[in-house]
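Enquirer: What follows is a structure written as structure tokens; I'll ask about it next.
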Amino acid sequence: KEDQHCFETIRVPLTNETSEFDNLTLALTKLMIDFMNEKELFSELPAAQLKDKPGGISKLAVYFEHHHFDRREDVVGFLQALQTLRSSGVAHRKSASNRSYRKAIERFGLDKRTYQAVFRDILNEARQCLEAMKTTFLNK
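Residue numbers (my numbering): 134 to 273.
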């Protein structure tokens, strides 16, 4: 309930302002990564497989591998880039010298296109990831 606004505010930015893009990136990252129910999702995996996996995305990669998810590299790569965009660009001071942030900027085309165009593509990629996971894991 407290984060309901994340669901209600996801859209293509109305302006080409950094603050709007940052807020939308933060909301989408919460929905795609932070809200992941790790306890339930990974309960079937042996603890030894998750032992050295610090975060939800690396654990999700193990889960995908365990289930032979053929789009795992695409989905994990997208989530990692989105997380980097949020953690290195939104949550902390932006720094072009940060290699991970620079890679995320290049991956999403932030150095060449408007925030609206970039976020539209991010939303499309998020939708494709969700559809692939739905098809694989919920339609069994």
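Glycine is no exception: its CB is placed at the ideal position from the N, C-alpha and C atoms.
Just so you know, these numbers come straight off a predicted model, no measurement behind them.
Where F241 and Q182 are concerned, what is the direct C-alpha to C-alpha distance, given to the nearest angstrom?
Expert: If you take the alpha carbons of F241 and Q182, they lie about 31 Å apart.
Enquirer: Roughly how many angstroms lie between the CA atoms of A301 and H138, to the nearest whole one?
Expert: Outside the modelled stretch of the chain, which goes from 134 to 273, sits residue 301, for which no answer is possible.
Enquirer: What do you get for R260, buried or exposed, if any count of 16 or more other CB atoms within 10 angstroms of its CB means buried?
Expert: Exposed, because fewer than 16 other Cβ atoms sit within 10 Å of the Cβ of R260.
Enquirer: Identify which residue in R204, S233, D244 and D185 has its Cα closest to the Cα of T151.
Expert: T151 has its Cα closest to that of D244, out of R204, S233, D244 and D185.
Enquirer: Applying the 10 Å Cβ sphere with the 16-neighbour rule, what's the burial state of F168?
Expert: It counts as exposed.
Enquirer: Once the 5 residues before and after S233 are set aside, which same chain residues still bring their CB inside 7 Å of it?
Expert: Excluding sequence neighbours, S233 sits near T217 and S221.
Enquirer: With 9 Å as the threshold, decide whether the Cβ of L174 is near any Cβ in chain C.
Expert: Here there is only one protein chain, and chain C is not present.
Enquirer: Taking the straight line between their C-alpha atoms, what separation do you get for L212 and I166?
Expert: For L212 and I166, the distance between alpha carbons rounds to 7 Å.
Enquirer: Which residue marks the beginning of the alpha helix (DSSP H) containing F211, and which one marks its end?
Expert: Segment R205 to L218, the alpha helix (DSSP H) holding F211.
Enquirer: Assuming L199 and L178 make a contact with CB atoms under 8 Å, what is their CB distance in whole Å?
Expert: In the sequence as presented, Leu is not what sits at residue 199; that position holds His. Right, the Cβ-Cβ distance comes to about 6 Å (below 8 Å), so this counts as a contact.
Enquirer: In three-state DSSP terms, what is T142?
Expert: Here T142 sits in helix by DSSP.
Enquirer: Between D155 and the ligand SAM, is the CB less than 8 Å from at least one heavy atom?
Expert: With respect to the ligand SAM, the structure shown offers nothing to examine, as it has no ligands at all.
Enquirer: Where does F175 land, buried or exposed, given buried means 16+ other C-beta within 10 angstroms?
Expert: F175 is buried by the Cβ-count criterion.
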